[in-house]
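Asker: My questions will all concern the structure given below.
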Amino acid sequence: MNDIIYVIFGINTLAAAIRITTPIALAAMGGAFSERSGIINIGLEGMILCGAFAAVLGSFYTGSPWLGVFLSLLLGGFIGALFACFTIKFKADHVVTGVGLNILALGATTYLMQVLWGCKGSSPNVKGLSEVSIPIIKDIPVIGKLLGTHSPLVYIMFLLVFAGWLLLFKTPLGLRIRITGEHPEAADTLGINIKGIQYFSVILSGCLAGLGGAYLSLGQLNWFSMNMSAGRGYMALAANIFGHWNPLGCLAASFLFSYTDALQMRLQSLNIGIAHELIQMLPYILTIIVLAGAVVRSRPPAALGEHYETNK
Amino acid sequence: MLGHDRLLARIRNLPVLSDLLYSFIAIILALIISAVLIFISGYDVGRAYYNLLYGAFGNLYNLSQTLLKTIPLIFTGLTVAIGFKTGLFNIGGEGQLYWGALASAVAALSFPHLNGIILIPICLLAGALAGGVWGAIPGYLKAKTGAHEVVTTIMLNYIGILSTSFLLKNYFKEPGYIDQTPMIPEAARLPELIPYTRLTWAIFISIGAIIVIDLLFKKTSLGYDLQAVGENPTAAEYAGINSASKIIISMMISGAAAGLAGSSMVMGVFNRFITNFSPGYGFTGIAVAVLGRNKAWGVLLAALLFGALEAGGMSMKLFAKIPMDLMTIVQGLVILFVAAPALIHLLVRRS
């Protein structure tokens, strides 16, 4: 019994939750930017997966994990641009395109993994990002254990979430993004370049999700495996809604999911007499409950999912 | 070139044919891009596509394997198409399929002495019901809370696969190392059409399902209501249609179709429930429905095509050593191209 309480409230579980949060929070923030500009981004899952793949690919061929991270940003942004092109230029249905992209990403990464490395399950080990310790923080008793030593991408995630919040809510560009998703006609009247804003937001969204993928492969495991995003993109989407399309809210909501996931993994190793399958369901069930509760109380950007044609 | 344009203009004026044309172009484009990918990967494109074609249609056995792969895809394609008609995107076919499969196997094992004429309908009903209930959950959540069905159905896929595997291991497992039920009684197995091919009467059940769904949307008031909700929920509400209940009903019928995909595998192919038996039929159903334009008969054609790609992909893997995942790439590309008719328009006009 003490074991269970220790796991539920233990610092190790919380520290693990922070690690698991990183890719979800990054992707969720990506979702926030995309959806604030009016584009529903179901494609986050595929963007994470491509980012994870690109990161390992970069590290494998250059030997530098940071070049891998750079490649994941690049590929994530490219997928974002592709998604934007389909939804904005070709006026494709956002949801169908997003799901198509996810299937394409799953097929392409698994196919390339086998062609490049000749194995079905996972890529070979590559050089990952080593953890860093923050000098002063790591010596503070509890906080040190929680935040003192992590992969650099964890700290970058915290900085990006704060920067993303500043960008979205405290700058003229952020205001333009929000008004584009809320009231495109008004934005148009004000002379805002709606398509430009949407392209920017969706590409940024892809970069962020790609970076989240890089953390998944290079920050945690140092290899790529088939479908390693495992639904995180969809969780990020739910976190984005629960977090009211706000980067800070996204982070908080992602942490909630990740905490359940960390709990799930630790409870499994404890052997407490509950079947593994039931424990594994926890994060998925929580996502549904939170989403169902959140949607009732939150309001999406008014023009989300619509195609707007500027009057010339 | 002028004649070509005039022909296109004429084709565009025929709505059904133009749908067919778009789907055809989407498939061709996807296969061309895949060919480029095969070439870049250092394989022989000709050999790859020859094996794809031969593996799908080369002889009676291969053809029967194509039909065998088509059966679950008809059901999961219908699953997605039914949802789309009501404006819902059900990507939870995979979880619903597992529930249908387990329910059919358990029903068959529960009545070992019944005659096939009674037992087979019971098993099918159990599968449809279980899939339907699993599909109704995201329908209910959508109708009552607005939770987006794409996220909830994905989550319910994971939960569905985990929960059926939990039930199997704890209540229905055959002793041994493999997580599977015992064989279902002979009476519950669908009769084979061609000996040693595993192609069974399930093909007729799936075609029956197409006819039923086609009639549902063309001839019944329920079908009309479901489509009205899909086209404009607010207007449907003004017309006196309770859109919340229609969303739940649509998801239930949609889930029932996926459940039957599972039943057809249990009763026609494996003769038992095995964990993780589906290679993603629920997801391939998305491509089937999108390519088939959410029309019942369109689903049949698209399922045949993807069934051929699955069967051919196997022989492509075996003889040309090309990973099966290439077929997943084709699916993704087809969905993207069909979703963006403006892109195809552009490409056609350029050429």
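Protein chains in written order, with this note's numbering: chain A, 655 to 966; chain B, 332 to 682. From the three backbone atoms N, C-alpha and C, an ideal C-beta is built for every residue, glycine too.
1) Using beta-carbon positions only, say whether A/Leu-865 and A/Leu-727 come within less than 8 Å of one another.
2) Starting from A/Met-919 and walking both ways along the alpha helix (DSSP H), at which residues does that stretch end?
3) Run through chain E and tell me which residues come within less than 8 Å of A/Glu-931, C-beta to C-beta.
4) Buried or exposed: where does A/Leu-820 fall if 16 or more other Cβ atoms within 10 Å of its Cβ makes it buried?
5) Could you give the DSSP three-state label for A/Ser-713: helix, strand or coil?
6) Of all the CB atoms in chain B, is at least one closer than 8 Å to the CB of A/Asp-915?
7) In whole angstroms, what is the alpha-carbon distance linking B/Ile-449 and B/Met-598?
8) Of the choices B/Asp-510, B/Gly-593, B/Met-486, B/Leu-657, whose alpha-carbon is the least far from that of A/Phe-911?
9) Helix, strand or coil for A/Ser-787? Go by DSSP, reduced to three states.
10) Name the residue from A/Trp-720, A/Arg-673, A/Cys-739, A/Ala-669 whose alpha carbon lies nearest to the alpha carbon of A/Asn-695.
11) For A/Ile-659, is the classification buried or exposed, using 16 other Cβ atoms within 10 angstroms of its Cβ as the cut-off for buried?
12) Would you mind telling me which residues of chain A sit closer than 8 Å to B/Ile-745, beta carbon to beta carbon, in chain order?
13) Going by C-alpha distance, which of A/Gly-860, A/Trp-771, A/Ile-928 is nearest A/Ala-890?
14) Identify, in the order they occur along the chain, each residue of the same chain with its Cβ nearer than 7 Å to the Cβ of B/Val-669, setting aside the five sequence neighbours on each side.
15) Can you find a C-beta in chain B that's less than 8 Å from the C-beta of A/Tyr-938?
16) Compute the Euclidean distance between the alpha carbons of A/Leu-814 and B/Ile-666, then round it to the nearest angstrom.
17) May I have the straight-line CA-CA distance separating A/Thr-751 from A/Ile-791, to the nearest angstrom?
18) Could you check how far apart the C-beta atoms of A/Ser-855 and A/Arg-690 are, in whole angstroms? I think they sit under 8 Å.
19) Put B/Glu-568 into one of helix, strand or coil per three-state DSSP.
20) So for A/Ser-879, helix, strand or coil by DSSP?
21) Measuring alpha carbon to alpha carbon, tell me which residue in A/Leu-770, A/Ile-693, A/Lys-743 is nearest A/Ala-708.
22) Please list the terminal residues of the continuous alpha helix (DSSP H) segment that includes A/His-748.
23) Can you grab the Cα-Cα spacing for the pair A/Arg-920 / B/Leu-498, in whole Å?
24) Can you give the Cα-Cα distance for A/Thr-914 and A/Phe-663, rounded to whole angstroms?
25) Here's the rule: buried if 16 or more other CB atoms are within 10 angstroms of the residue's CB, otherwise exposed. What is A/Glu-609?
26) Would you say A/Gly-761 lies against chain B (beta-carbon separation less than 8 Å)?
27) Take every Cβ of the region 396–407 of chain B, pair it with every Cβ of the region 463–471 of chain B, and state whether three or more of those distances are shorter than 8 Å.
28) Return the chain-ordered list of same chain residues with a C-beta closer than 8 Å to the C-beta of A/Ile-672, the five sequence neighbours on each side being excluded.
29) Does the count of Cβ pairs from the region 416–424 of chain B and the region 675–682 of chain B closer than 8 Å reach three?
30) Could you check what DSSP says for A/Ser-776 in three-state terms: helix, strand or coil?
31) Would you call the region 934–950 of chain A in contact with the region 711–731 of chain A, where contact means no fewer than 3 C-beta pairs closer than 8 Å?
32) Under 8 Å between C-beta atoms, does A/Ala-849 make it to chain B?
33) Are there three or more Cβ pairs, one per stretch, closer than 8 Å when the region 381–391 of chain B is compared with the region 632–642 of chain B?
34) Is the CB of A/Leu-822 under 8 Å away from at least one CB in chain B?
35) Please report whether the beta-carbon of B/Leu-667 lies at a distance below 8 Å from any beta-carbon of chain A.
36) Closer than 8 Å, CB to CB, is B/Thr-659 near chain A or not?
Answerer: Let me spell this out:
1) The residue labelled residue 865 of chain A in the question sits at position 211 within the first sequence. The residue labelled residue 727 of chain A in the question sits at position 73 within the first sequence. Pairing A/Leu-865 with A/Leu-727 gives a Cβ-Cβ distance under 8 Å.
2) Position 265 of the first sequence, counted from the first residue, corresponds to residue 919 of chain A. Here the alpha helix (DSSP H) through A/Met-919 covers 901–924.
3) You won't find chain E in this structure, because its protein chains are A and B.
4) Here residue 820 of chain A refers to the residue found at position 166 when the first sequence is read from its first residue. It counts as exposed.
5) Walking along the first sequence from the start, residue 713 of chain A turns up at place 59. Helix at A/Ser-713.
6) Taking the first residue of the first sequence as position 1, residue 915 of chain A is located at position 261. Interface criterion not met: the Cβ of A/Asp-915 is under 8 Å from no Cβ in chain B.
7) Position 118 of the second sequence, counted from the start, is the residue given in the question as residue 449 of chain B. Position 267 of the second sequence, counted from the start, is the residue given in the question as residue 598 of chain B. Each residue's Cα considered, the two are about 14 Å apart.
8) For this step, residue 911 of chain A is matched to residue 257 along the first sequence. The option with the nearest alpha carbon to A/Phe-911 is B/Met-486.
9) Counted from its first residue, the first sequence places residue 787 of chain A at position 133. Strand, per DSSP.
10) The residue labelled residue 695 of chain A in the question sits at position 41 within the first sequence. Ranking A/Trp-720, A/Arg-673, A/Cys-739, A/Ala-669 by Cα distance to A/Asn-695 puts A/Cys-739 first.
11) In the first sequence, the residue the question calls residue 659 of chain A occupies position 5. The C-beta of A/Ile-659 has fewer than 16 other C-beta atoms within 10 Å across all chains shown, which makes the residue exposed.
12) Because chain B spans 332 through 682 in this model, residue 745 of chain B falls outside it and cannot be assessed.
13) Here residue 890 of chain A refers to the residue found at position 236 of the first sequence. Answer by Cα proximity: A/Gly-860.
14) The sequence position of residue 669 of chain B within the second sequence is 338, counting from 1. Sequence-distant Cβ neighbours of B/Val-669 in its own chain, meaning closer than 7 Å and more than five residues away, are Tyr-353, Ser-354, Ala-357, Val-621, Leu-622.
15) Here residue 938 of chain A is taken as the residue at index 284 of the first sequence, counted from 1. Yes, its Cβ sits closer than 8 Å to a Cβ of chain B.
16) Looking up residue 814 of chain A in the first sequence gives position 160. Looking up residue 666 of chain B in the second sequence gives position 335. Straight across, the Cα-Cα distance linking A/Leu-814 with B/Ile-666 is about 33 Å.
17) As a position in the first sequence, residue 751 of chain A is number 97, starting the count at 1. As a position in the first sequence, residue 791 of chain A is number 137, starting the count at 1. Within the model, the alpha-carbon separation for A/Thr-751 versus A/Ile-791 is close to 44 Å.
18) Taking the first sequence and counting its residues from 1, one reaches residue 855 of chain A at position 201. Taking the first sequence and counting its residues from 1, one reaches residue 690 of chain A at position 36. 7 Å between Cβ atoms; contact.
19) What you label residue 568 of chain B is simply residue 237 of the second sequence in a count that begins at 1. Three-state DSSP puts B/Glu-568 in a helix.
20) Mapped onto the first sequence, residue 879 of chain A falls at position 225. The DSSP-derived three-state label of A/Ser-879 is strand.
21) For this step, residue 708 of chain A is matched to residue 54 along the first sequence. When each option's Cα is compared against that of A/Ala-708, the closest is A/Leu-770.
22) Taking the first sequence and counting its residues from 1, one reaches residue 748 of chain A at position 94. Note, A/His-748: alpha helix (DSSP H), 748–771.
23) Along the first sequence, read from residue 1 onward, the residue named residue 920 of chain A stands at position 266. Along the second sequence, read from residue 1 onward, the residue named residue 498 of chain B stands at position 167. Each residue's alpha carbon lies about 23 Å from the other.
24) In the first sequence, counting from the first residue as 1, residue 914 of chain A sits at position 260. In the first sequence, counting from the first residue as 1, residue 663 of chain A sits at position 9. Cα to Cα, the separation comes out at about 12 Å.
25) In the structure displayed, chain A extends from 655 to 966; residue 609 of chain A sits before or after that span and is not available.
26) Here residue 761 of chain A refers to the residue found at position 107 when the first sequence is read from its first residue. For A/Gly-761, the closest Cβ of chain B is nearer than 8 Å.
27) Flag = no, the region 396–407 of chain B and the region 463–471 of chain B do not touch.
28) Reading the first sequence from its first residue, position 18 is the one you call residue 672 of chain A. Spatial neighbours of A/Ile-672 in its own chain (CB-CB distance under 8 Å, excluding positions within 5 residues in sequence) are listed in chain order as Leu-800, Leu-801, His-804, Val-808, Phe-909, Ser-912.
29) No, the region 416–424 of chain B does not touch the region 675–682 of chain B.
30) Numbered from its first residue, the first sequence carries residue 776 of chain A at position 122. When DSSP states are grouped into helix, strand and coil, A/Ser-776 belongs to the strand group.
31) By the Cβ rule, the region 934–950 of chain A does not count as touching the region 711–731 of chain A, because fewer than three pairs are nearer than 8 Å.
32) One-based indexing of the first sequence puts residue 849 of chain A at position 195. Note on identity: in this sequence residue 849 of chain A is Lys, with Ala being the wrong assignment. It does not; no Cβ of chain B falls within 8 Å.
33) Three or more beta-carbon pairs drawn from the region 381–391 of chain B and the region 632–642 of chain B are found closer than 8 Å, and the two stretches are therefore classed as touching.
34) Walking along the first sequence from the start, residue 822 of chain A turns up at place 168. False, the Cβ-Cβ gap to chain B never drops below 8 Å.
35) Along the second sequence, read from residue 1 onward, the residue named residue 667 of chain B stands at position 336. Yes, B/Leu-667 counts as interfacial toward chain A.
36) Here residue 659 of chain B corresponds to residue number 328 of the second sequence, with the count starting at 1. Using a CB distance cut-off of 8 Å, B/Thr-659 counts as an interface residue toward chain A.
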